[in-house]
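Report on the structure given below.
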Amino acid sequence: MSTIAELKSRRAALAAQRASGVARVSYDGKTVEYRSLAEIDRAIEALDREIAAAEGRRIVRQVRVTTAKGL
Numbered sequence: 333m334s335t336i337a338e339l340k341s342r343r344a345a346l347a348a349q350r351a352s353g354v355a356r357v358s359y360d361g362k363t364v365e366y367r368s369l370a371e372i373d374r375a376i377e378a379l380d381r382e383i384a385a386a387e388g389r390r391i392v393r394q395v396r397v398t399t400a401k402g403l
């Protein structure tokens with residue numbers, strides 16, 4: 333199991349690479365090449381879930397629908 337600091341380091345590397353548009357990420361002497369930005373986004377979301385679990389919290393996502401015509 334990785335430490336919270338390691339997980340945050342990996343997430344920061346992924347976020348930086350996503351912002352630059354490069355699909356290759358290196359951390360701790362390891363290199364990972366992603367096929368698309370969507371794949372990098374999924375990896376960031378997975379790391380967010382791992383970080384939240386390690387910190388003892390959960391990610392809450394809500395969708396609220398409001399209508400004005402009785403639908």
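For the sequence shown, this note's numbering begins at 333 and goes up steadily by one.
Note that beta-carbon positions come from the ideal geometry of N, C-alpha and C, so glycine has one too.
Any contact of the stretch 355–372 with the stretch 382–393, i.e. 3+ C-beta pairs under 8 Å?
no
So the beta strand (DSSP E) Ala340 belongs to, where does it begin and stop?
Reading the sequence as shown, one finds Lys at residue 340 and not Ala. Element bounds for Lys340: not the beta strand (DSSP E) but the alpha helix (DSSP H), 336–352.
Rounded to a whole number of angstroms, what is the C-alpha to C-alpha distance between Ala351 and Tyr359?
Roughly 16 Å separates the two Cα atoms.
What are the residues that DSSP puts in a beta bridge with Arg356?
Glu365
With DSSP collapsed to three states, give me the class of Ile376.
helix
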